[in-house]
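Protein chains in written order, with our numbering: chain A, 4 to 516; chain B, 515 to 789.
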Amino acid sequence: MDAKQDESAAKLQSVRSLKALMMTNSPQSNTNLYDHLTLLLMKVMDEHPHDAVDVIEDISQDVKLTFSEEKQNFLRDFPSTTAAELLAEKQRLLFSRPEEDEQEEQLMETLYPNVREVGFYLEQAGVGLGREEMQRIFLALKQLVESQALLGCRLWGKILGTESSYIVAEAQYIEGEEEEEKNAEEVAEKEEEREAQAKENEMYPLPQSTYKPPPAVPKEALGTGANKFVYYVCKEPGHSWVKLPSVSPAQITVARLIYKFFTGRLDHQIVSYPPFPGNEANYLRAQIARISAGTQVSPKGFFRIREEEGDEEDEVVQDSSEVNPDFEGIPVFEMASLSTWVHHIQYILQQGRCTWVNLAGKTGEDSNEEGEAEEKEEPDEPEPEVGPRLLDPLSKDSEMFNVPSWSSMVSSTLTFQHAVAVQRSNRWPGAYAYACGKKFENIYVGWGLKYAGEGYSPPVPPLPQKEYASDRKEIAEALDPSLEEEQELKEALDEQRAVQEEMEDIDDEDDED
Amino acid sequence: MDSRWLLCSLDLVAGNGCTVSLEHRAALQTSMVLLKKNYKFHRVLLWGKVLGLNKDYFIAQGRGDDELVDKKNLYSFDCVDWFLLPSATESMIQEVSVVAKRRFVGDPSYVYEHVEMSGGQDGAVDSPVVAKVSEESRLAVTVHQIDEEASVVPRGAFVKSPRGLVHVNRSFAGLSDSQAKKLDNFFHFRKAKNPNKKSVLEIGDLSPAIDFLDTLSDDVPKGSWSHQCECAGNVCVLRSLLWLGLTFYHLPMTPQHGYIYMGDGTRNLNLPFML
Numbered sequence: 004m005d006a007k008q009d010e011s012a013a014k015l016q017s018v019r020s021l022k023a024l025m026m027t028n029s030p031q032s033n034t035n036l037y038d039h040l041t042l043l044l045m046k047v048m049d050e051h052p053h054d055a056v057d058v059i060e061d062i063s064q065d066v067k068l069t070f071s072e073e074k075q076n077f078l079r080d081f082p083s084t085t086a087a088e089l090l091a092e093k094q095r096l097l098f099s100r101p102e103e104d105e106q107e108e109q110l111m112e113t114l115y116p117n118v119r120e121v122g123f124y125l126e127q128a129g130v131g132l133g134r135e136e137m138q139r140i141f142l143a144l145k146q147l148v149e150s151q152a153l154l155g156c157r158l159w160g161k162i163l164g165t166e167s168s169y170i171v172a173e174a175q176y177i178e179g180e181e182e183e184e185k186n187a188e189e190v191a192e193k194e195e196e197r198e199a200q201a202k203e204n205e206m207y208p209l210p211q212s213t214y215k216p217p218p219a220v221p222k223e224a225l226g227t228g229a230n231k232f233v234y235y236v237c238k239e240p241g242h243s244w245v246k247l248p249s250v251s252p253a254q255i256t257v258a259r260l261i262y263k264f265f266t267g268r269l270d271h272q273i274v275s276y277p278p279f280p281g282n283e284a285n286y287l288r289a290q291i292a293r294i295s296a297g298t299q300v301s302p303k304g305f306f307r308i309r310e311e312e313g314d315e316e317d318e319v320v321q322d323s324s325e326v327n328p329d330f331e332g333i334p335v336f337e338m339a340s341l342s343t344w345v346h347h348i349q350y351i352l353q354q355g356r357c358t359w360v361n362l363a364g365k366t367g368e369d370s371n372e373e374g375e376a377e378e379k380e381e382p383d384e385p386e387p388e389v390g391p392r393l394l395d396p397l398s399k400d401s402e403m404f405n406v407p408s409w410s411s412m413v414s415s416t417l418t419f420q421h422a423v424a425v426q427r428s429n430r431w432p433g434a435y436a437y438a439c440g441k442k443f444e445n446i447y448v449g450w451g452l453k454y455a456g457e458g459y460s461p462p463v464p465p466l467p468q469k470e471y472a473s474d475r476k477e478i479a480e481a482l483d484p485s486l487e488e489e490q491e492l493k494e495a496l497d498e499q500r501a502v503q504e505e506m507e508d509i510d511d512e513d514d515e516d
Numbered sequence: 515m516d517s518r519w520l521l522c523s524l525d526l527v528a529g530n531g532c533t534v535s536l537e538h539r540a541a542l543q544t545s546m547v548l549l550k551k552n553y554k555f556h557r558v559l560l561w562g563k564v565l566g567l568n569k570d571y572f573i574a575q576g577r578g579d580d581e582l583v584d585k586k587n588l589y590s591f592d593c594v595d596w597f598l599l600p601s602a603t604e605s606m607i608q609e610v611s612v613v614a615k616r617r618f619v620g621d622p623s624y625v626y627e628h629v630e631m632s633g634g635q636d637g638a639v640d641s642p643v644v645a646k647v648s649e650e651s652r653l654a655v656t657v658h659q660i661d662e663e664a665s666v667v668p669r670g671a672f673v674k675s676p677r678g679l680v681h682v683n684r685s686f687a688g689l690s691d692s693q694a695k696k697l698d699n700f701f702h703f704r705k706a707k708n709p710n711k712k713s714v715l716e717i718g719d720l721s722p723a724i725d726f727l728d729t730l731s732d733d734v735p736k737g738s739w740s741h742q743c744e745c746a747g748n749v750c751v752l753r754s755l756l757w758l759g760l761t762f763y764h765l766p767m768t769p770q771h772g773y774i775y776m777g778d779g780t781r782n783l784n785l786p787f788m789l
């Protein structure tokens with residue numbers, strides 16, 4: 004009995020000492036193991052995790068964190084506004100309704116499209132931005148129309164960027180906007196002139212270069228060609244819409260050669276070769292123009308050529324179209340093939356414009372005026388560039404890199420009668436067009452880049468110019484004379500001199516005599 | 515993207531422009547449950563969609579005991595009938611990278627051919643070596659490559675048990691807002707290659723059960739991930755610029771995360787020009 008009592012007393016003693024050990028506060032964290040295990044087991048009892056033994060380390064860490072947080076709870080964190088809160092404030096405004104004009108709004112024509120309906124059909128096709136996001140974009144478009152007093156607008160699509168994305172809206176061009184742009188350009192030009200003058204006055208006049216760059220292709224007038232529509236972008240629905248500047252042919256030509264992601268900041272400088280004339284806003288506008296020209300399609304018959312009274316007999320170009328009131332929908336089966344779709348935006352020519360401009364004609368006139376005596380042979384007049392005509396069917400779109408330009412599909416294989424026909428562009432990945440009955444729509448959601456095949460090869464810089472024309476004698480290369488030749492020449496010259504001196508001596512002697 | 519969260523999370527990744535139509539969504543809900551039962555997977559994920567010229571492939575992935583190793587991929591055209599893809603071996607990867615360069619066609623039996631004229635050194639022209647690869651194996655290799663190079667999971671979502679098995683961390687409560695802004699807190703879900711050996715100081719902060727994968731910030735080139743907050747700023751979205759179409763989403767402070775690939779299945783080799 005005694006032995007057993009001693010044993011149990013010893014055990015009790017060791018238990019007590021272990022407990023005392025466990026209750027000693029750790030000098031660093033001022034907690035002890037005993038309390039920690041108590042809290043841990045209480046947490047397990049409260050939460051009942053079914054695999055507690057596997058995640059016991061995590062639970063232990065959580066307990067430690069909460070315990071230390073509670074101790075330090077005297078100071079509260081300054082509540083900083085997160086980006087989500089700022090955005091929510093802005094988007095709250097989208098949902099506000101003006102109280103006065105309710106009845107008037109219902110009577111007005113719908114200037115903005117029914118984006119909900121568009122979103123519904125696009126979802127059938129497997130394209131879209133999510134329902135709530137489409138709803139927010141819808142409200143943002145309404146805000147755009149009201150704030151800018153536009154005649155009509157359309158959701159063009161979304162261009163993704165590395166830091167943020169752009170939501171793009173297309174609007175009809177209004178007459179008065181041209182003056183604003185011209186003023187902005189004139190101001191910029193005046194500033195440049197002032198800077199140039201200031202530099203000249205400061206320094207000695209530097210030699211001027213005789214290089215004359217080729218004449219710039221003129222921009223198309225607003226409302227025609229590549230500048231037919233005006234585009235507004237915003238980063239998120241709720242942010243203010245920014246108007247993009249109109250596009251110039253030089254920008255389109257360079258945009259065709261470079262391959263760059265968008266960053267999401269409109270004032271970002273594009274560093275590329277060939278150097279892009281403009282910042283990201285111009286690049287964005289140029290890509291939008293190219294994508295529109297390449298992928299905006301409609302069912303055949305929806306648009307028809309507007310018949311204008313003939314301006315000149317030479318111009319066969321038809322560059323305007325209008326909605327055909329007699330259009331009746333085409334059944335879905337036929338819409339799934341390429342021949343029932345047509346382009347309704349003009350193609351952008353090699354020059355960078357939709358209508359061709361003869362640049363050589365201008366220079367030809369100048370040289371004729373200045374010097375009629377010099378009749379240089381003028382180079383052959385450049386042939387007018389011709390592209391696919393307006394309302395050409397998609398079946399004429401050529402293949403790129405052995406890949407057909409369009410893939411067509413029907414949204415539903417199980418319920419044919421109510422399906423939507425979809426065309427997906429392979430040239431510009433991200434461009435979609437759907438048609439269902441009388442309704443159709445185009446949208447672009449993508450990175451804003453063309454399909455580059457296996458690899459993009461950047462344009463090579465031009466060869467360096469020659470400093471001198473090669474057929475001038477002063478820099479013609481020749482071999483230096485070798486040593487023997489030089490010595491022979493020297494001996495010959497010495498002989499000649501010796502002979503001459505003899506002759507002179509003889510003459511002198513004769514004279515003396 | 516886990517099949518249980520399919521309904522609510524497809525809207526979150528839709529910023530890319532690609533969603534799944536309603537008919538396919540309904541079909542997926544049914545067929546994924548059946549897949550899980552038939553193949554005895556622990557979890558079934560909708561891996562994504564590979565767009566072909568004629569038809570699109572839907573890819574699903576089933577995970578077994580060890581999430582990192584037990585993966586099986588299946589493909590389907592209509593989200594109802596699924597076919598098993600072969601697992602990608604080294605030789606398959608080699609062949610595919612030589613032969614298949616263009617877009618996917620949409621027909622699994624399509625054969626890509628690559629003719630190499632192997633001129634003999636003696637001057638005798640040997641018979642041309644024709645390498646053939648079927649689109650099915652190309653698809654398997656592409657899915658494997660995308661998983662290797664562009665899969666993303668947040669830090670803490672997966673735990674490595676002492677026996678070496680990787681499984682889902684049940685007590686993962688999500689990254690906080692500030693943590694979700696740093697690319698360090700996102701890992702590639704593949705066998706760790708450890709490109710940058712970390713200093714002892716940094717290793718002290720890490721826990722071996724959680725930090726056994728490579729972080730995204732070690733990816734070359736820098737800037738090959740686009741990090742944004744979408745859906746009214748609530749969702750943290752990562753998009754890969756190397757494989758255009760891969761989107762990863764995570765709702766901070768919740769355990770919801772996932773990635774999905776919706777694209778044409780080609781690596782973006784022009785990335786250095788584009789940044």
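Idealized CB from N, CA, C, for every residue including glycine. These numbers come from a predicted model, not from an experiment.
Query	Result
Integer Cβ distance of B/Leu567 from B/Gly620, believed to fall under 8 Å	6 Å
As assigned by DSSP and simplified to three states, the class of A/Phe330	coil
Near-chain A residues of the stretch 518 to 536 of chain B - C-beta to any C-beta below 9 Å	Leu524, Asp525, Leu526, Val527, Ala528, Gly529, Asn530, Gly531, Cys532, Thr533, Val534, Ser535, Leu536
Nearest-angstrom Cα separation, counted from A/Val448 out to A/Lys222	27 Å
For B/His771, the nearest candidate out of B/Leu598, B/Ala671, B/Glu581, B/Ser740 (CA to CA)	B/Ala671
Cutoff 6 Å; reference B/Asp778; Cβ partners in own chain excluding five residues on either side	Leu565, Arg617
Selection of the stretch 611 to 626 of chain B by Cβ proximity to chain A, strictly under 8 Å	Lys615, Arg616, Arg617
Assigned exposure category for B/Thr544 - 16 Cβ within 10 Å defines buried	exposed
Helix, strand or coil at A/Ala438 [DSSP, three-state]	strand
Residues in the stretch 653 to 677 of chain B having any Cβ partner in chain A nearer than 8 Å	Val673, Ser675
Top-ranked residue by Cα proximity to A/Ser398, from A/Ser408, A/Arg392, A/Pro432	A/Ser408
Alpha-carbon to alpha-carbon, A/Asn429 and A/Val406	7 Å
Any C-beta of chain A under 9 Å from that of B/Gln742	yes
Beta-carbon gap between B/His658 and B/Lys646 smaller than 9 Å	no
Option in A/Glu487, A/Glu166, A/Leu132 with minimal Cα separation from A/Leu158	A/Leu132
Residue-level contact to chain A via CB, B/His538, 9 Å cutoff	yes
B/His764 - partner residues in DSSP beta bridges	B/Cys750, B/His771
Neighbourhood of A/Phe404 by C-beta, 6 Å cutoff - its chain only, sequence neighbours within 5 removed	Gly456
Beta-bridge partners of B/Tyr626, as assigned by DSSP	B/Val647
B/Asp580, DSSP secondary structure in three states	coil
Cα-Cα separation, B/Arg577 to B/Val682	11 Å
Min CB distance B/Phe787 to chain A below 9 Å	yes
Residue from B/Phe686, B/Val534, B/Met606, B/Ser648 whose Cα sits closest to the Cα of B/Pro766	B/Phe686
A/Val425, enclosing beta strand (DSSP E) - first and last residue	424 to 428
C-beta neighbour in chain A for B/Asn552, strict 9 Å	no
C-beta atoms of B/Arg539 and B/Leu559 nearer than 9 Å	no
First and last residue of the uninterrupted beta strand (DSSP E) at A/Glu173	169 to 175
Any C-beta of chain B under 9 Å from that of A/Glu166	yes
Residues of its chain near B/Lys550, where Cβ-Cβ distance is below 6 Å and the 5 sequence neighbours each way are ignored	Val558
Reduced DSSP category for B/Pro786 - H, G, I as helix; E, B as strand; rest coil	helix
Below-9 Å beta-carbon distance, B/Leu697 vs any chain A residue	no
N- and C-terminal bounds of the alpha helix (DSSP H) containing B/Cys522	520 to 523
A/Met412 - containing beta strand (DSSP E), residue span	409 to 413
Which of helix, strand or coil DSSP assigns to B/Tyr553	helix
DSSP state of A/Asp57 mapped onto helix, strand, coil	coil
Endpoints, alpha helix (DSSP H) assigned at B/Ile607	604 to 613
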